[in-house]
Amino acid sequence: MPVLSNPKHERFAQELAKGTGVGAAFVAAGYKANDGNASRLNGNEKIRARVQELLSEGAERAGVTVQRIVEELAKVGFANMQDYMRVGPDGDPVLDFSNLTRDQAAALAEVTVEDFKDSRGEDAREVRRVKFKLNDKLSALEKLGKHLGMFNDKGPHAGEIRIIISGTDASL
């Protein structure tokens with residue numbers, strides 16, 4: 186869809202695409218503040234289509250696609266703690282980021298490194314504590330599942346409702 190022929194409508198659509206609220210976009214387009222008129226203009230099909238086009242163009246320029254989002258969610262959803270550590274000689278976990286791939290790094294939410302002395306005096310020893318946290322797997326998997334249509338929040342409803350009023354029986 187080309188630029189809207191009415192410059193005020195085009196400006197209104199541009200403002201909405203930037204995330205400006207309906208009332209503020211209406212005023213920014215050159216109209217006097219009027220929530221009713223702003224709401225009516227917001228419902229205009231040509232304006233809604235133009236806003237969607239502008240949003241799509243912005244997403245394309247930024248390289249945001251459904252496929253890319255799904256791939257990023259999959260990196261988080263299928264991340265495994267064992268990809269980031271190994272078992273040391275004493276059986277304790279040892280973090281090992283030496284062979285970390287870019288995809289594995291995408292699943293990391295946080296890495297914290299603390300250096301401190303444990304104890305005091307001659308018995309003191311240098312300690313390095315490394316902690317890491319993965320992004321929320323369950324949320325990523327839920328979003329992937331919804332995108333793929335795996336979850337139906339509205340299940341089928343079947344059955345009979347029986348209402349008894351003063352000794353009579355009415356079925357719905």
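So the sequence shown is residues 186 to 357, counted in our numbering. Ideal Cβ placement from N, Cα and C applies to all residues, glycine included.
For residue i, three-class secondary structure by DSSP
i	result
A294	strand
F301	strand
V188	coil
L285	coil
I232	helix
F317	strand
L323	helix
M270	strand
L280	strand
I254	helix
For residue j and residue i, believed in contact at Cβ under 8 Å, the rounded distance
i	j	result
L293	F263	Contact flag wrong, Cβ pair sits at about 14 Å.
L226	F211	7 Å
Contact set for residue i: own chain, Cβ-Cβ below 7 Å, skip 5 residues either direction
i	result
V298	R313 and V315
H194	I232
Cut-off 6 Å between Cβ atoms - residues of its own chain near residue i, not counting five sequence neighbours on either side
i	result
Q289	D268
A202	V236, L239 and L240
R196	A214
Own chain, CB closer than 8 Å to residue i, minus 5 neighbours either side, in chain order
i	result
R310	K302, D303 and S304
S224	V207
F336	E327 and G330
Q199	L239
Separation of residue j from residue i, as counted between CA atoms
i	j	result
R271	N284	12 Å
E345	S351	19 Å
N191	F282	57 Å
A291	V261	7 Å
L319	M266	8 Å
A325	T286	19 Å
T205	Q252	27 Å
L280	G228	55 Å
D300	G273	20 Å
K322	V296	17 Å
Segment contact, 8 Å Cβ cut-off, at least three pairs: the segment 254-261 with the segment 214-225: no
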